[in-house]
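Undergrad: Below you'll find the structure I mean.
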Amino acid sequence: MAVKERVGLVVSDKMDKTVVVAVENRSPHPKYGKIVVRTKRYKAHDEENKCNEGDRVRIRESRPLSRTKRWTVTQILGKASES
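Quick note, the sequence shown lines up with residues 278 to 360 if you use this note's numbering.
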């Protein structure tokens, strides 16, 4: 069975060892063909609290870690720009 992985943007890092990652899915509308953007938010485990808001991360599905947390951060692809 393939391991599910997603790439998304960290939208919240206020919790301890947990980040909220927003993953955008772009697909054409079945009838009209216009690109529709759907966003899904996942809670992911971040053991060292390395992720900050605005970071681009890769997450992987894991065993249930809490009531809502089923994903873990495997890699930080890009840090948020400091401005």
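All C-beta atoms, glycine included, are put in the ideal place defined by N, C-alpha and C.
Bear in mind the structure is a predicted one, so any value in this text is a computation, not a measurement.
Sorted by chain position, which residues of the same chain lie with C-beta nearer than 7 Å to Lys294's C-beta, five sequence neighbours on each side aside?
TA: Excluding residues within five positions, the ones whose Cβ falls inside 7 Å are His322, Asp323, Glu324 and Asn326.
Undergrad: Can you tell me whether DSSP reads Glu324 as helix, strand or coil?
TA: In the structure shown, Glu324 sits in coil (DSSP, three-state: anything other than H, G, I, E or B).
Undergrad: Beta-carbon separation of Tyr309 and Gly285 under 9 Å?
TA: No. Outside cutoff.
Undergrad: Go to Ala299, then tell me how far its beta strand (DSSP E) extends in each direction, as first and last residue.
TA: Start and end: Thr295 to Pro305.
Undergrad: Given that a residue counts as buried once 16 or more other Cβ atoms are within 10 Å of its Cβ, and exposed if not, what is Ile312?
TA: Its Cβ having fewer than 16 others within 10 Å, Ile312 is exposed.
Undergrad: Measuring straight from C-alpha to C-alpha, what distance separates Gln352 and Pro307?
TA: So the two alpha carbons sit approximately 33 Å from each other.
Undergrad: If we count the other Cβ atoms within 10 Å of its Cβ and call it buried at 16 or more, is Val334 buried or exposed?
TA: With 16 or more other Cβ atoms within 10 Å, it is buried.
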